[in-house]
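Student: Once you've had a glance at the structure underneath, I'll fire off some questions.
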Amino acid sequence: METVVRYTPLCGVGEDSPLCSLLEIDDYTILLDCGWDDSFDVALLDPVLKVLPRIDAVLLSHPSPAHLGSLPYLVGRCGLAAPVFSTKPTRRMGEMFMFEACLAHQAVSDFAAYDLDDVDAGFRLHPRWTELRYSQKHLLLPPAAPGATAGEAGAAGAAGGGQGPAGGGIAITPLPAGRYPGGAVWRLTLLGSGQEVVYAVDFNHRKERLLNETTFTTALAALQPALLIGDAVNGLAPPAPPRHKRDEEFLDAITATVEGEGNVLIPTDAAGRVLELALLLDEHFARARIAATPVVLSYTIKTVLEFARTQLEYLGSEMVQAFSHKRTIPFTFRKLAVITRLEDLGAIPGPKVVLATLPSLDCGPARQLLVDWAAAPRNTIIFTERANPGTLAHALQNHVAAPGGEPLRLPLRLASRVPLEGEELAAWQAGKEREAAEAVSRRASGALDSLPSLTLTSSTHLTAAARLAAAARLATSGGVAATPSAAAGSLARGGGGGGGAAGSKSAGPLDQPLRSCTSSISRLVRDAATGAIVQQLGSGAAAAAAGAGGGAAAGGGGGGGLGSGSVSAAAKRAAEEGLLMDGFEPPQAAAYPMFPDEDAELYVEWDEYGAKLGKEEFRVPMVLDAATGLGKAAGGGGVDGMDVDDGGGGGAGGGEGGEGDVADEVDEAPTKLLVSEVQLELRAALRFFDFEGRCDGRALRDYLAAVAPRRLALVRGSPQAIAELAGGLAADLSDYGSGVDTPGPGEVVEVRLAASHVAALSEALAGGLAVRTAGQYGVAWLEGVFGSGGPAPPLDPITGAPLLQLEPMEETEEGGGGGAAAMAAAAALAAAGGGAGSVFLASAGAALTLSKLKAALAMQDIQSEFMGRGVLAVYPSGPGGETLVVTLGGPGAVAGVATDRAHVSLEGPACDGYYTVREVIYAQFGVC
């Protein structure tokens, strides 16, 4: 059956525009990246929203917003539920990228494209996210039938032997791409036909401190991909200077500035190239005696570094060797200071070299530092990557200094958030009290059906600090929430030691099940909108036990989602009597019910001293008055009269083991936005050094040509860069008959792959193969006939269907395979043109030359002589017999030596001597 592959760019065709494209393989639809630009304009996602219901899977190649920026919006706001595939660093670093962008935009505007809840929903709480290691194959399940659940689709795929699109399914494999931690080149193998589709964008051919170079060309050398999708961002870039020379010039510019008592601002990203720059600056300042301090300033940098330390397998060989030989812990800086607030920069004395977010300079700490430092001529602004058009960084990078030395003056909008004070704060508090009173009156009047509307979402009440702390704990433990509800319960508890890694997909070796769940209990949570404390039940009927008598979850029990449905009389009676479960009668000696939540598995973490305990274990349940927001200990105090701080979080734990970087989960103080217009006067020096981590134009062309795809699609780049690269690759791939396409937005590149047959080699045929070494491959000539495989034919390991079997050709009475059958096969091959494209492979490290061929013929007592340049006359029967002519020519031959694309031909009469000479050539060099 013919397989149809369609590739459609949805966006990401222009220069440095976000990448998002659609790959359709038969009935299976894959979204390749889902980027967004710095403007976060929802209108740019219109092409994506039109195809959103058809998407069966999402493949993410890099963690930057240009590759996954719209994922929080698509998942949190548009309901994208397709499974997502990436490496682990792409998921974790991508979350930090989007976290940083959201916080930076919210600090200076009423940012509404997405919020922190959408980031959690798209990354941390996504129930169908699969993290793959490099070179790990994963079989995509077939798309679910209309109305079928994900479990039914998986069961159908298992029952059908994994059959899916393209006959036998699609196997996806991430390969190292360089540039970003976890960056991947995706290799999609169509198991039914054996063909491959490769998605290779933003890869790096140079080894760096942080990462190794890409290796996807080596992995793809054995088979020509049917389709390769690449980018042309650096199609016109000149060859990059050596790494050490670029680093020296970069550090010399910094040193000259700080020695002149100036500051250096380096706008950079949140979780990608900043790590490479941080390693370089720390190494330089630790070695050089400079009275300055390098600083990295970002909201999320501490969480980024915490996770990067745990992902040594994705880092480069330099980092691995430093850890293995010197026991150097990754990203433990000797001189580099790490801060998360702009206010902390004032405590650092002397000149400063600051890596600050964001690179666009439209928001973030870098924008404020630019305003503060731009007017001083002794300061320097260094850009390490090209900015997108329309940003402040792009305007500065394209600025040409005036001849008279006049500074650049730009009108600039500055915005900041300040806490509410005085009458504004009082009005805000009065509004919250009115909302709380209305909520209490609704519950008192029996409007229990409105209770779910007061229930918090999985993480609405978490502050930014609490979210970052949860992300750091998740990065350290390596656990992944199995379901949104389980992860929400874990986050709401703040990672307390008693709760452990509840709902974690892979518990650690010391995590043991504490006990099985039997039913549901309630918990008290704070409403983010009203500030009121509401009761949340795990499952079944939702009992609204408000006011006095309402209990809290005890002993670290989790909180599930609020149930729906009507409230039974027994539930109301239980609420009036202070019970937390319908129909449960506690023992007389029991102080509180001690039943866990059935919606979340409870785990406890163990160490060499026993179970790990947090302060939640010692917290006394509170009876909270929702109308006033005041709380009293149930019974007047803790055990033995000990007062215990409740953490101020409305029943949510505030840390794990008292760590200082884990903030209590309280509502943030109300703020207002102050906007001012200023005149930016730029007198500081502007410099640019290329630390983007992309291939230059020459390397990009060489790498794509080395893969030699049968069809190549180039996107993302300026029209000049795309045209230049497409023209060069069309010439390089002309010998392969490859086509080069440059599709625009919405244009379809279609590739039709003919059906192929999978056959197994019989033991007799496989044992008689004469395998010769040609470089890193083994080459053998194979002749056989298809057979049924006998009464028990071999089965396809993918589809489970019976396979055809290749049997040896029957020998004739004359012996060997040179009889009528062999001649018929040879005639059929010649009629089909099968021998016209033979490719000779020299031995490892050797070149095919006529001199070597002449020596090989002499060893077989066959005379030969040179008749001209690149022409060898061979006399297999002696000087008086027939004459054969061997020519070595073509565009890849120079002075009788074959290079990359030489053509070798043997001409002469079809006699025994012809086949003897041919066998000498085969034996000397091998043929494929």
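Just so you know, the numbering used here puts the end of the sequence shown at 928, numbered straight through with nothing missing.
The beta-carbon is built from N, C-alpha and C at its ideal position, and this holds for glycine as well.
1. Please report the distance separating the alpha-carbon of Val-354 from that of Arg-243.
2. Rounded C-beta distance between Thr-214 and Pro-176? I'm assuming under 8 Å.
3. Among Asp-732, Phe-691, Val-418 and Tyr-7, whose alpha-carbon lies nearest the alpha-carbon of Val-108?
4. Measuring only the C-alpha atoms, how far is Gly-169 from Leu-60?
5. In the stretch 42-66, which residue ranges form an unbroken beta strand (DSSP E) of at least 3 residues, counting only runs that do not cross its ends?
6. Measuring alpha carbon to alpha carbon, tell me which residue in Arg-273, Asp-696 and Met-867 is nearest Ala-308.
7. Run through DSSP, which three-state label would Pro-596 get?
8. What does the alpha-carbon distance come out to for the pair Glu-300 and Ser-64?
9. Which of the three DSSP states is assigned to Arg-289 in this structure?
10. Distance check for Lys-854 and Leu-888, CA to CA, integer angstroms please.
11. Using the Cα positions of Lys-852 and Gly-230, report the straight-line distance between them to the nearest angstrom.
12. When the Cα atoms are used, what is the spatial distance from Leu-714 to Trp-129?
13. Using the C-alpha atoms, what's the distance from Leu-265 back to Leu-369?
14. Can you tell me whether DSSP reads Asp-202 as helix, strand or coil?
15. Am I right that Gly-913 and Ser-864 are in contact with their C-beta atoms under 8 Å? What's the rounded C-beta distance?
16. Candidates Ala-366, Leu-686 and Gly-610: which alpha carbon is nearest Leu-408's?
17. From the DSSP output, read off the bridge partner residues of Arg-6.
18. So what's Gln-860 in DSSP terms, helix, strand or just coil?
19. In its own chain, which residues sit with a C-beta less than 6 Å from the C-beta of Arg-683, not counting the 5 before and 5 after it?
20. According to DSSP, which residues form a beta bridge with Glu-15?
21. Between Ala-28 and Thr-189, what straight-line distance do the alpha-carbon atoms span, to the nearest angstrom?
22. Quick check: the stretch 347-365 against the stretch 274-285, are there 3 or more CB pairs under 8 Å?
23. Roughly how far, in whole angstroms, is the beta-carbon of Leu-184 from the beta-carbon of Thr-90, given that I think they are within contact range, below 8 Å?
24. Is the stretch 231-238 touching the stretch 314-323 in the sense that three or more CB pairs, one from each, lie closer than 8 Å?
25. Can you name, in chain order, every residue of its own chain whose Cβ lies under 8 Å from the Cβ of Ala-82, other than the five neighbours on each side?
26. Along the chain, where does the alpha helix (DSSP H) containing Asp-117 start, and where does it finish?
27. Between which two residues does the beta strand (DSSP E) carrying Gln-805 extend?
28. Could you please give the first and the last residue of the uninterrupted beta strand (DSSP E) stretch that includes His-138?
29. Which word fits Gly-350, buried or exposed, when buried means at least 16 other C-beta atoms lie within 10 angstroms of its C-beta?
30. How about Asp-282 and Glu-385: are their beta carbons less than 9 Å apart?
31. Please go through the same chain and pick out, in chain order, the residues whose beta-carbon is closer than 8 Å to the beta-carbon of Thr-391, but skip the five residues on each side of it.
32. Would you decide whether Tyr-609 is buried or exposed? Buried here means 16 or more other CB atoms lie within 10 Å of its CB.
33. Runs of 4 residues minimum, wholly inside the stretch 248-331: which ones carry the alpha helix (DSSP H) assignment?
34. Classify Arg-711 as buried or exposed, calling it buried when 16 or more other Cβ atoms lie within 10 Å of its own Cβ.
35. Let me confirm a value: Gly-422 is counted as buried when at least 16 other C-beta atoms fall within 10 Å, else exposed. Which label applies?
36. With DSSP run on the structure shown, which of helix, strand or coil describes Arg-246?
Tutor: Walking through what the data contain:
1. When rounded, the distance between both Cα atoms is 22 Å.
2. The Cβ separation is near 6 Å, so the contact holds.
3. Between Val-108 and the set Asp-732, Phe-691, Val-418 and Tyr-7, the nearest pair of CA atoms involves Val-418.
4. Cα to Cα, Gly-169 sits roughly 20 Å from Leu-60.
5. Listed in chain order, they are 57-59.
6. When the alpha-carbon of Ala-308 is set against those of Arg-273, Asp-696 and Met-867, the nearest one is in Arg-273.
7. Low per-residue confidence applies at Pro-596: pLDDT is 49, beneath 50, and the placement is therefore not dependable enough to give any value.
8. According to the sequence displayed, residue 300 carries Thr and not Glu. For Thr-300 and Ser-64, the distance between alpha carbons rounds to 14 Å.
9. The answer is coil: DSSP assigns Arg-289 none of H, G, I, E or B.
10. Roughly 13 Å separates the two Cα atoms.
11. In a straight line, the C-alpha of Lys-852 is about 40 Å away from that of Gly-230.
12. Counting only the Cα atoms, Trp-129 lies some 28 Å from Leu-714.
13. Distance between the alpha carbons of Leu-369 and Leu-265 is about 7 Å.
14. In the structure shown, Asp-202 sits in coil (DSSP, three-state: anything other than H, G, I, E or B).
15. With 8 Å as the limit, Gly-913 and Ser-864 do not qualify as a contact, their Cβ atoms being about 12 Å apart.
16. Selected option, being the one with the closest Cα: Leu-686.
17. Partner(s): Glu-24 and Glu-750.
18. Three-state result, Gln-860: coil.
19. Excluding five sequence positions before and after Arg-683, the CB atoms of its chain that fall closer than 6 Å to its own CB belong to Ala-375, Pro-377 and Pro-407, given in chain order.
20. Answer is none; Glu-15 lacks a bridge partner.
21. The sequence given here has Tyr at residue 28, not Ala. Cα to Cα, the separation comes out at about 13 Å.
22. Contact holds: three or more Cβ-Cβ distances are below 8 Å.
23. One detail in the question is off: residue 184 reads as Ala in this sequence, not Leu. About 7 Å; that satisfies the 8 Å criterion.
24. Note that the stretch 314-323 does not touch the stretch 231-238; fewer than 3 beta-carbon pairs, one per stretch, sit closer than 8 Å.
25. Excluding sequence positions up to five before and after Ala-82, its CB lies within less than 8 Å of the CB of Leu-31, Ile-55, Asp-56, Ala-57, Val-58 and Arg-128, all in the same chain and listed in chain order.
26. Per DSSP, the continuous alpha helix (DSSP H) segment holding Asp-117 begins and ends at 116-119.
27. From DSSP, the beta strand (DSSP E) with Gln-805 extends over 804-808.
28. First-last of the beta strand (DSSP E) with His-138: 138-140.
29. Under this definition Gly-350 is an exposed residue.
30. Not a contact, by the Cβ cut-off of 9 Å.
31. Take Thr-391, set aside five residues on each side of it, and the residues of its chain with a beta-carbon closer than 8 Å to its own are Asp-38, Ser-360, Leu-361 and Asp-362, in chain order.
32. Exposed, by the Cβ-count rule.
33. 273-287, 301-309 and 317-326, all fully within the stretch 248-331.
34. Arg-711 should be labelled buried.
35. Exposed is the call here.
36. Three-state result, Arg-246: helix.
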